[in-house]
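Visitor: Please read through the structure below; I'll follow up with questions.
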Amino acid sequence: MKKAFTLIELLAVIAIIAFLLVIVTPNALEAVKKAQATKVARNLRNILKSGETYINVEKPGDISNLSILLLKDKGYLEDSMKESDLAKYLIKATDLGNRIVLESVYIGNDVSTFLVTDILPVIKASGVILYFRSILGKWW
Numbered sequence: 347m348k349k350a351f352t353l354i355e356l357l358a359v360i361a362i363i364a365f366l367l368v369i370v371t372p373n374a375l376e377a378v379k380k381a382q383a384t385k386v387a388r389n390l391r392n393i394l395k396s397g398e399t400y401i402n403v404e405k406p407g408d409i410s411n412l413s414i415l416l417l418k419d420k421g422y423l424e425d426s427m428k429e430s431d432l433a434k435y436l437i438k439a440t441d442l443g444n445r446i447v448l449e450s451v452y453i454g455n456d457v458s459t460f461l462v463t464d465i466l467p468v469i470k471a472s473g474v475i476l477y478f479r480s481i482l483g484k485w486w
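For the numbering used here, count along the sequence shown from 1 and bump the result up by 346.
Below, the structure is given as structure tokens:
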């Protein structure tokens, strides 16, 4: 007599595997979404801090040319950010005389704005656009 699994036993194993997948898959997807939101929050913070450092060190007379590529070329922004990711970010600077308003902006739409603002509450959302603002005193 051959020993083999019956059809019922095989169906039971398949049902158990399917049940486990139903439980595990949403948790895994949620973890991926949270990781992406954390990455966006970290990048917004790093871009803003890089802009602050650039302005405080270089003391530029004209800040209208401030950009992600300028920060990267001058070595103020880490090289670990991919070019495809950089296209989703902007940095804006507005000179108000004795103050400079600096904003890092995320214009991608592949992340939940609610998750990002939960991770780093100083980040604000306007629709699907996320931004992180800082005001610098112009001391030079």
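Ideal Cβ positions, reconstructed from N, Cα and C, are used throughout, including at glycine.
1) Consult DSSP for Glu404 and reduce its assignment to one of helix, strand or coil.
2) Hey, how far is the Cα of Glu424 from the Cα of Lys418?
3) Within its chain, find whatever has a CB closer than 7 Å to the CB of Leu461; leave out the 5 residues flanking it on each side and keep chain order.
4) Could you give the residue range of the beta strand (DSSP E) that holds Ile446?
5) Out of Gly421, Ala377, Leu436 and Thr459, which has the shortest C-alpha to C-alpha gap to Val403?
6) 8 Å is my cut-off, CB to CB: does Asp419 come that close to chain B?
7) Looking at C-beta atoms only, is the number of pairs between the region 354-366 and the region 424-434 that lie closer than 8 Å three or more?
8) Grab me the residues of Ala471's own chain with a C-beta within less than 6 Å of its C-beta, minus the 5 sequence neighbours each way, in chain order.
9) Can you tell me the Cα-Cα spacing of Trp485 and Ala377, whole angstroms?
10) Count the other CB atoms, across all protein chains shown, that sit within 10 Å of the CB of Asn389; report buried if there are 16 or more and exposed otherwise.
11) Using 8 Å as the threshold, is the C-beta distance between Ile475 and Ile453 below it?
12) From Lys395 to Leu416, what distance separates their C-alpha atoms?
13) Does Ile469 come out as helix, strand or coil in the three-state DSSP assignment?
Guide: So, from the listed chains and residues:
1) helix
2) 7 Å
3) Lys379, Lys380 and Ala383
4) Arg445 to Tyr452
5) Comparing Cα-Cα distances from Val403 to each of Gly421, Ala377, Leu436 and Thr459, the minimum goes to Gly421.
6) You won't find chain B in this structure, because it holds only one protein chain.
7) With a cut-off of 8 Å, the region 424-434 and the region 354-366 do not count as touching, because too few Cβ pairs lie within range.
8) Thr459 and Thr463
9) 43 Å
10) buried
11) yes
12) 14 Å
13) coil
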